[in-house]
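Residue numbers (our numbering), protein chains in the order written: chain A, 1 to 418; chain B, 1001 to 1311.
Ideal placement from N, C-alpha and C gives every residue a C-beta, glycine not left out.
Bear in mind that the values here come from a model prediction, so they are computed numbers and not experimental data.
Below is one structure; the comments refer to it alone.
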């Protein structure tokens, strides 16, 4: 795209062409390029080659899983019934997607319209994260075609997973509605856009409710396994709070990370408003993340005190816990605070990447690494790892496909603006 | 599988919606006082009598029509098997296994039979989001494969590492575990196959409350022969199958750190906040919205015409 820009070619970003004609859907999909230009830029991009390589290996493995059963691509462990698909796919993707409700609340509920340039990116990040968490879930479930059973056929309402299922399903629809405004603009369906905009506050508030509960519920799922999760990662009273509060810095940091990647690799698609406000917004988001991190850190320490688990800190697991808490919560907190004080955008980004890494570590620790700490350590099957990477690559490809087209990083020039 | 009619479907959806709002807290409260069915059956397992002959494993295999094992039931080398450093555990092909332990300072090894303990308030049941598990009034914890989605949360929740899963089935993977021979025996008041087959009378079948008296008597009348503990009397809220032993339970591979209360009790703190969030949050955040935007232009989110200012 950079190369094309030097020839003076501009991507599609308005309802009308320069000569006043409507864009056709095909032209929109090709970003306003000709087919040759489009294919040319796809092939020139090295990242596409990497994706193609991953898909070439991974997609056959996914098909293999559905033909030859879950047992053929995992270790089929009775002791570790949840492997990487849920440990990474569900428990990591969901907190990193808390961005949607965080920014939705900021802009729509608190009326902070100065965050608008990043709002849609945060909403999209939320939608895709949840959607792909469900994709991971579908690969992991024994009988994925029965996914709707807890909704329509057989109810176990006292189970935490029942709540997670209902809330993720409802919240996914809420997020589709929230992101659909960008889609309606893009296809030029003004009435749909107006209809959704009217319900924005309602949608956002239901987003907050659902997020509070299911982010917490993911933590509460581990409350069923008191002897299996290591006591330092287990807290009957605070588990849901740990998962909920940590999802706040996780979601905000994820937006910082994604916007950083986007502004370096897809600058052609960002408009002036996005690029010019990004530094200011990054620092503001970092402030939110730092506040979230400090709250999380304190509740983590309270939980250890509450169950009087200080003695565990002297063990090997305790060292590992300290590494997570000091290295990936306390240090990012220091970095973010320093960066905010001195308005260092780059350092904010470093802190955000570390925060995201810390959340990944925490969720993997709870679900896999310290799980069954009295038994043995499960190392995921190589094909399980390949499938997880492949689904993540599909996630990135979808993310980029949408960012390239819909008015997420740029403002759509509608007919009326002319 | 029963056919879902349109009416059933609609009623179900409505009930589900209502259930989501109300049921978690209600069920959690109801569950708190549940201590098992009064006439529920159980089995007392006396570890001092077991000689490790594996007859019970064979009986279970026949009764439940399980596949032939890799090693025959008279092959005692299975006691030396270690998987990931662990002794054998029940799987989808063997609902019960016997393991050998060497307690400190004992001349003879100790054998322990492992199977589903049929908890009074089972963690598998309370963690299941499609209600596939049932605790029957007879005392068995049974499973309905027709509604199981395959999330395997019950395997996470079971404190005794019991449920197995048929991972290698493509179209119909299900949970496999001991069901107290419910369909074929317990329903008719008969003891399960393993109990009946035992040549040593290790296991005593009867009403749980009667068995508890027998266990206490046995400990009292034979001083020094048993440790003074009935494993399963209080553990995770009480189990239908429970054990007495001459060696400390931790030396026979039992997890002695299990809570005395049912597993679901750990989750109640969280379940209690669910109705609060559902009822308080809408008013709270709509209120915030009104407070935060009062007096400002209600320009909605995508109103891009106004120049942004730094707040």
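Strand pairing of residue i, partner residues [DSSP]
i                      : result
residue 1083 (chain B) : B:1086
residue 1097 (chain B) : B:1114
residue 1244 (chain B) : B:1046
residue 1162 (chain B) : According to DSSP, residue 1162 (chain B) bridges with nothing at all.
residue 1175 (chain B) : B:1165
residue 1142 (chain B) : B:1134
residue 1119 (chain B) : B:1239
residue 413 (chain A)  : A:14
residue 1204 (chain B) : B:1044
residue 971 (chain B)  : This structure cannot settle anything about residue 971 (chain B), because the visible part of chain B is limited to 1001 through 1311.
Cβ pair residue i, residue j closer than 8 angstroms
i                      : j                      : result
residue 217 (chain A)  : residue 163 (chain A)  : yes
residue 1037 (chain B) : residue 1189 (chain B) : no
residue 143 (chain A)  : residue 1150 (chain B) : yes
residue 1039 (chain B) : residue 1192 (chain B) : no
residue 1143 (chain B) : residue 1152 (chain B) : no
residue 52 (chain A)   : residue 407 (chain A)  : no
residue 185 (chain A)  : residue 401 (chain A)  : no
residue 138 (chain A)  : residue 147 (chain A)  : yes
residue 102 (chain A)  : residue 251 (chain A)  : yes
residue 94 (chain A)   : residue 133 (chain A)  : yes
residue 320 (chain A)  : residue 11 (chain A)   : no
residue 1089 (chain B) : residue 1081 (chain B) : no
residue 231 (chain A)  : residue 153 (chain A)  : no
residue 271 (chain A)  : residue 410 (chain A)  : yes
residue 347 (chain A)  : residue 335 (chain A)  : yes
residue 1148 (chain B) : residue 1170 (chain B) : no
residue 100 (chain A)  : residue 125 (chain A)  : yes
residue 1215 (chain B) : residue 1230 (chain B) : yes
residue 1095 (chain B) : residue 1060 (chain B) : yes
residue 286 (chain A)  : residue 325 (chain A)  : no
residue 63 (chain A)   : residue 393 (chain A)  : no
residue 1249 (chain B) : residue 240 (chain A)  : no
residue 1109 (chain B) : residue 1251 (chain B) : no
Contact belief for residue i with residue j at Cβ below 8 angstroms, rounded distance in angstroms
i                      : j                      : result
residue 1099 (chain B) : residue 1253 (chain B) : 6 angstroms
residue 214 (chain A)  : residue 168 (chain A)  : 6 angstroms
residue 220 (chain A)  : residue 1157 (chain B) : Residue 220 (chain A) to residue 1157 (chain B), Cβ: 12 angstroms. No contact.
residue 1173 (chain B) : residue 1167 (chain B) : 6 angstroms
residue 245 (chain A)  : residue 295 (chain A)  : 5 angstroms
residue 212 (chain A)  : residue 1281 (chain B) : 7 angstroms
residue 1163 (chain B) : residue 1146 (chain B) : No, residue 1163 (chain B) and residue 1146 (chain B) are not in contact; Cβ-Cβ is about 17 angstroms, not under 8 angstroms.
Pairwise C-alpha distance: residue j and residue i
i                      : j                      : result
residue 1027 (chain B) : residue 73 (chain A)   : Confidence at residue 1027 (chain B) is low in this model, with a pLDDT of 44, below 50, so its placement is unreliable and the value that follows should be read with caution. Near 38 angstroms, if we compare the C-alpha coordinates of residue 73 (chain A) and residue 1027 (chain B).
residue 1292 (chain B) : residue 109 (chain A)  : 7 angstroms
residue 1180 (chain B) : residue 1045 (chain B) : 14 angstroms
residue 378 (chain A)  : residue 1051 (chain B) : 33 angstroms
residue 149 (chain A)  : residue 130 (chain A)  : 19 angstroms
residue 1123 (chain B) : residue 179 (chain A)  : 39 angstroms
residue 376 (chain A)  : residue 1085 (chain B) : 7 angstroms
residue 88 (chain A)   : residue 22 (chain A)   : 44 angstroms
residue 1195 (chain B) : residue 318 (chain A)  : 44 angstroms
residue 381 (chain A)  : residue 165 (chain A)  : 27 angstroms
residue 397 (chain A)  : residue 56 (chain A)   : 14 angstroms
residue 337 (chain A)  : residue 292 (chain A)  : 12 angstroms
residue 188 (chain A)  : residue 403 (chain A)  : 17 angstroms
residue 112 (chain A)  : residue 29 (chain A)   : 33 angstroms
residue 1056 (chain B) : residue 243 (chain A)  : 45 angstroms
residue 405 (chain A)  : residue 31 (chain A)   : 6 angstroms
residue 33 (chain A)   : residue 42 (chain A)   : 12 angstroms
residue 159 (chain A)  : residue 1127 (chain B) : 5 angstroms
residue 333 (chain A)  : residue 350 (chain A)  : 11 angstroms
residue 45 (chain A)   : residue 247 (chain A)  : 33 angstroms
residue 209 (chain A)  : residue 1278 (chain B) : 6 angstroms
residue 1261 (chain B) : residue 371 (chain A)  : 21 angstroms
residue 1213 (chain B) : residue 1125 (chain B) : 27 angstroms
residue 1107 (chain B) : residue 1201 (chain B) : 22 angstroms
residue 345 (chain A)  : residue 253 (chain A)  : 13 angstroms
residue 1121 (chain B) : residue 1276 (chain B) : 26 angstroms
Any C-beta of chain D under 8 angstroms from that of residue i
i                      : result
residue 1082 (chain B) : Any reference to chain D falls outside this structure, whose protein chains are A and B.
heavy atom of the ligand NAD below 7 angstroms from residue i C-beta
i                      : result
residue 1191 (chain B) : The ligand NAD is not part of this structure, which contains no ligands at all.
Checklist entry - Where in the stretch 10-80 of chain A do unbroken runs of the beta strand (DSSP E), each at least 3 residues long, occur, reported from the N-terminal end onward? => result none
Checklist entry - What are the start and end residues of each continuous beta strand (DSSP E) run of 3 or more residues lying completely inside the stretch 156-219 of chain A, in chain order? => result none
Next on the checklist: My parser needs the alpha helix (DSSP H) runs of 4 or more residues fully inside the stretch 92-143 of chain A; what are they?
Outcome noted: 93-96, 99-104 and 116-140
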